[in-house]
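Heads up: the structure comes next, in structure tokens.
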Amino acid sequence: MVDAFLFWFLAIVTVLAGLSVVLMTNPIYSALSLVMTMVGVAALFVTLEAYFLAGVQLIVYAGAVMVLFVMVLMLFDLKHELQAFTRGKITGGVKIASVGIIAGLVVGAITLGTKALELSKAGAETSKPVVDSTKALAENLFLKNVFGFEALGVVLLVIAVGTVALSRTKGGTHARD
Amino acid sequence: MQETNMLTQIGLEHYLVLSAILFSMGMAGVLMRRNLIVLLMSVELMLNAVNISFVAFSKFNGNIEGQIMVFFVMTIAAAEAAVGLALAVSIFKRFKEVNIRFFEHLKG
Numbered sequence: 001m002v003d004a005f006l007f008w009f010l011a012i013v014t015v016l017a018g019l020s021v022v023l024m025t026n027p028i029y030s031a032l033s034l035v036m037t038m039v040g041v042a043a044l045f046v047t048l049e050a051y052f053l054a055g056v057q058l059i060v061y062a063g064a065v066m067v068l069f070v071m072v073l074m075l076f077d078l079k080h081e082l083q084a085f086t087r088g089k090i091t092g093g094v095k096i097a098s099v100g101i102i103a104g105l106v107v108g109a110i111t112l113g114t115k116a117l118e119l120s121k122a123g124a125e126t127s128k129p130v131v132d133s134t135k136a137l138a139e140n141l142f143l144k145n146v147f148g149f150e151a152l153g154v155v156l157l158v159i160a161v162g163t164v165a166l167s168r169t170k171g172g173t174h175a176r177d
Numbered sequence: 001m002q003e004t005n006m007l008t009q010i011g012l013e014h015y016l017v018l019s020a021i022l023f024s025m026g027m028a029g030v031l032m033r034r035n036l037i038v039l040l041m042s043v044e045l046m047l048n049a050v051n052i053s054f055v056a057f058s059k060f061n062g063n064i065e066g067q068i069m070v071f072f073v074m075t076i077a078a079a080e081a082a083v084g085l086a087l088a089v090s091i092f093k094r095f096k097e098v099n100i101r102f103f104e105h106l107k108g
């Protein structure tokens with residue numbers, strides 16, 4: 001019962017925060033709503049017993065990535081935003097309709113596929129006990145997936161160098177041409 | 001009986017539907033908004049929705065591999081945000097604007 005209450009509360013908070021990311025016309029409010037969404041997602045990870053991932057979610061997303069977003073927003077000085085949404089009622093309607101169709105397809109597929117998942121769950125129950133999930137996670141990450149881990153390190157290095165090179169051309173963020 | 005069961009028994013499909021809703025909202029944001037930064041934020045929203053479904057599958061199937069995949073998605077998302085924001089900064093230097101309505105130099 002507590003689980004259910006927690007899930008519904010977090011789901012409502014996350015969905016409302018996500019909606020306000022899309023609907024707010026001031027970008028700084030969008031950024032703050034996105035922080036709320038990240039915190040909600042981290043709490044959902046806790047309800048799914050992925051404690052380490054919840055911590056990483058808070059540190060990486062709600063910490064690092066969002067600080068990056070807010071810093072760039074501060075560089076831009078966007079107090080008012082002209083035309084926050086796309087023009088055209090017809091194309092807007094088409095876009096909303098396509099999003100709705102996608103959402104309906106996904107939800108329909110989930111509800112239809114639940115029976116198949118129920119059938120396959122009987123076999124999965126035997127390998128269920130992941131009690132110390134952080135330890136299992138570390139073992140899997142550093143023994144089985146160590147190549148992917150190292151490749152991610154290389155990707156991050158390339159990205160860091162590329163980002164610095166990209167933003168330092170012609171005087172960096174304070175260039176006035 | 002069926003209704004109360006659906007409300008109190010949280011299963012895999014609840015998380016999947018929540019993930020689908022979040023993903024659709026992110027997609028709507030990418031399609032509808034015109035501010036470059038808000039577009040990037042909507043992409044982050046979509047990636048988070050995918051993370052929720054990965055972790056939900058990982059829990060309900062008793063398989064830890066899903067959480068590994070979430071690690072990789074998070075790293076790629078952070079890299080994507082960094083590169084996207086660097087591009088946004090250089091675009092802002094060029095056009096003095098972050099509204100995608102004004103980026104028409106690639107139009108034929």
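From first to last, the protein sequence lines are chains A and B.
Here my numbering is used: the first residue of the first sequence is 1, the next is one more, and so on.
Here my numbering is used: the first residue of the second sequence is 1, the next is one more, and so on.
Backbone N, C-alpha and C define an ideal beta-carbon position, used for all residues, glycine too.
With a Cβ-Cβ cutoff of 8 Å, do residue i and residue j count as a contact?
i: VAL98/B; j: ALA88/B; result: yes
i: ALA31/A; j: MET41/B; result: yes
i: LEU44/A; j: LEU85/B; result: no
i: MET24/A; j: ALA62/A; result: no
i: PHE76/A; j: MET32/B; result: no
i: GLY40/A; j: VAL13/A; result: yes
i: ALA104/A; j: VAL83/B; result: First, the residue type needs correcting, since residue 104/A is Gly and not Ala in the sequence shown. No, Cβ-Cβ distance for GLY104/A and VAL83/B is not below 8 Å.
i: LEU47/B; j: ILE100/B; result: no
Considering only residues of the same chain and omitting the five flanking positions on each side of residue i, which have a CB-CB separation below 6 Å?
i: LEU58/A; result: ALA42
Can you find the residues in the same chain that come closer than 7 Å, C-beta to C-beta, to residue i, ignoring five residues on each side of it along the sequence?
i: GLU44/B; result: ALA77 and ALA81
i: VAL112/B; result: Any answer about residue 112/B is impossible in this case: the structure gives chain B only from 1 up to 108.
i: SER253/A; result: This structure does not reach residue 253/A, given that chain A is present from 1 up to 177, and the question cannot be answered.
i: VAL38/B; result: GLY29
Give the straight-line distance between the Cα atoms of residue i and residue j, rounded to the nearest whole angstrom.
i: VAL94/A; j: LEU137/A; result: 43 Å
i: LEU73/A; j: PRO27/A; result: 8 Å
i: ASN61/B; j: VAL107/A; result: 20 Å
i: ILE159/A; j: ARG34/B; result: 25 Å
i: VAL17/B; j: PHE92/B; result: 37 Å
i: MET66/A; j: ALA151/A; result: 24 Å
i: VAL15/A; j: TYR15/B; result: 12 Å
i: ASN63/B; j: ASN140/A; result: 11 Å
i: LEU166/A; j: LEU156/A; result: 15 Å
i: ALA49/B; j: ASN5/B; result: 25 Å
i: ILE110/A; j: ILE21/B; result: 12 Å
i: MET36/A; j: SER24/B; result: 18 Å
i: ASN145/A; j: ILE90/A; result: 48 Å
i: PHE102/B; j: SER90/B; result: 14 Å
i: MET71/A; j: GLU104/B; result: 26 Å
i: PHE149/A; j: PHE142/A; result: 8 Å
i: LYS96/B; j: VAL154/A; result: 33 Å
i: VAL2/A; j: THR75/B; result: 33 Å
i: ALA79/B; j: GLY88/A; result: 33 Å
i: ARG182/A; j: ALA64/A; result: Since the displayed chain A opens at 1 and closes at 177, residue 182/A lies outside it and no answer follows.
i: ALA11/A; j: ARG94/B; result: 41 Å
i: GLY113/A; j: ILE96/A; result: 25 Å
i: LYS135/A; j: PHE147/A; result: 19 Å
i: VAL60/A; j: VAL164/A; result: 19 Å
Leaving out the 5 sequence neighbours to the left and right, which residues in its chain are closer than 8 Å to residue i when beta-carbon positions are compared?
i: THR126/A; result: Low per-residue confidence applies at THR126/A: pLDDT is 48, beneath 50, and the placement is therefore not dependable, though the value from the model is reported in the following sentence. Answer for THR126/A: no residue qualifies.
i: GLN67/B; result: PHE54, VAL55 and SER58
i: SER133/A; result: GLU49, ALA50, TYR51 and PHE52
i: SER19/B; result: ALA49, VAL50, ILE52, SER53 and ALA56
i: TYR29/A; result: SER20
i: VAL46/A; result: ALA54
i: GLU65/B; result: SER58
Any heavy atom of the ligand SAH within a distance shorter than 7 Å of the CB on residue i?
i: THR14/A; result: Absence of the ligand SAH from the depicted structure is noted, as is the absence of any ligand whatsoever, leaving it without description.
Sufficient close CB pairs (3 or more, under 8 Å) joining the region 5 to 13 of chain B to the region 3 to 21 of chain A: They touch, by the three-pair rule.
Segment contact, 8 Å Cβ cut-off, at least three pairs: the region 20 to 32 of chain B with the region 97 to 110 of chain A: yes
Complete runs of the alpha helix (DSSP H) confined to the region 14 to 65 of chain B [at least 4 residues]: Taking 4 residues as the shortest admissible run, the region 14 to 65 of chain B contains the following complete alpha helix (DSSP H) segments, listed from N- to C-terminal end: 36 to 61.
Residue ranges of each alpha helix (DSSP H) within the region 15 to 83 of chain A, 4 or longer: Whole alpha helix (DSSP H) segments, 4+ residues: 27 to 47, 51 to 56 and 66 to 76.
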